[in-house]
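Before any comments, here is the structure.
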Amino acid sequence: MKKTILTLLILCTGSLTAMANTTMFFDDFNQESIGLKYNSFSNWNVVPNEGTVDVIGVGSGWNYFPDYGRYVDMDGSSGDAGIIETKAQFNLVAGVTYQLSFDLAGNQRGSQQDAVTVQVNMGDILNSNISLAYNAPFQNFVETFSVADNTSATISFAGFGGDNVGMLLDNVKLEAVNCPAPAAVPAPGAILLGSLGSALAGMIRKRIA
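Numbering that gives the first Met the number 0 applies: residue 0 is where the sequence shown begins, and numbers increase by one.
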């Protein structure tokens with residue numbers, strides 16, 4: 000409990016001014032190597048015995064969206080779509096609103112329409128199923144959620160299908176969007192003037208006495 004509350008304080012009081020959305024996690028997969036049945040992500044685990052995923056894009060033979068760099072094909076080259084889950088657990092605090100945003104595109108390979116299931120904490124907090132036509136370009140999705148009690152959670156994406164061509168995933172971001180604004184802190188000049196005023200008032204009272 001103490002660890003969760005401390006995390007919120009660090010997250011929400013990094014500045015003396017009202018804060019905009021605070022990014023807790025971001026991954027555009029551009030640091031990953033190109034690979035089929037890829038299982039060496041910096042920030043994700045491929046769930047064992049639940050299929051595979053590929054990393055494609057710039058530098059591969061499947062460079063459908065050069066502006067997006069590298070991205071994940073959620074139906075890897077094993078005939079069994081995979082599931083990726085964040086290695087990190089995120090401390091979520093009651094009373095804070097969170098936004099999970101990500102880009103999805105169709106499989107771009109003339110296949111049937113595919114789907115991806117997005118979950119936070121194994122679906123206990125967020126469970127969303129998204130399907131796109133095979134030729135759909137990348138588009139941004141935003142899921143907003145909150146928690147009733149302080150908790151920690153992971154993010155996962157699960158592909159559906161078994162033909163080695165799945166929906167494409169990129170630019171996953173988790174943000175806290177309504178951190179309470181810090182209490183107003185008087186400017187140093189105002190503090191100094193207040194102190195001088197109190198001192199002068201004390202001197203006047205002494206002379207009158």
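We put the CB at the ideal spot given by N, CA and C, even for glycine.
In this structure, DSSP gives Tyr67 a helical state, which the three-state scheme calls helix.
Under the 8 Å Cβ criterion, the region 151-160 counts as touching the region 66-85, having at least three qualifying pairs.
Assignment of Thr51 by DSSP, reduced to helix, strand and coil, places it in the strand class.
The Cβ-Cβ distance between Phe24 and Phe101 does not fall below 8 Å. Put simply, of Asn134, Gly34, Ala135, Ala147 the residue whose alpha carbon is nearest the alpha carbon of Val52 is Gly34. Between the alpha carbons of Val95 and Gly81 lies a gap of roughly 31 Å. Taking a cut-off of 8 Å for Cβ pairs, the region 55-70 and the region 144-151 do not touch, as fewer than three such pairs fall below it. The three-state reading of DSSP puts Ala135 in coil, since its state is none of H, G, I, E or B. Across the structure, Ser32 and Val54 are spaced so that their CA atoms are roughly 7 Å apart.
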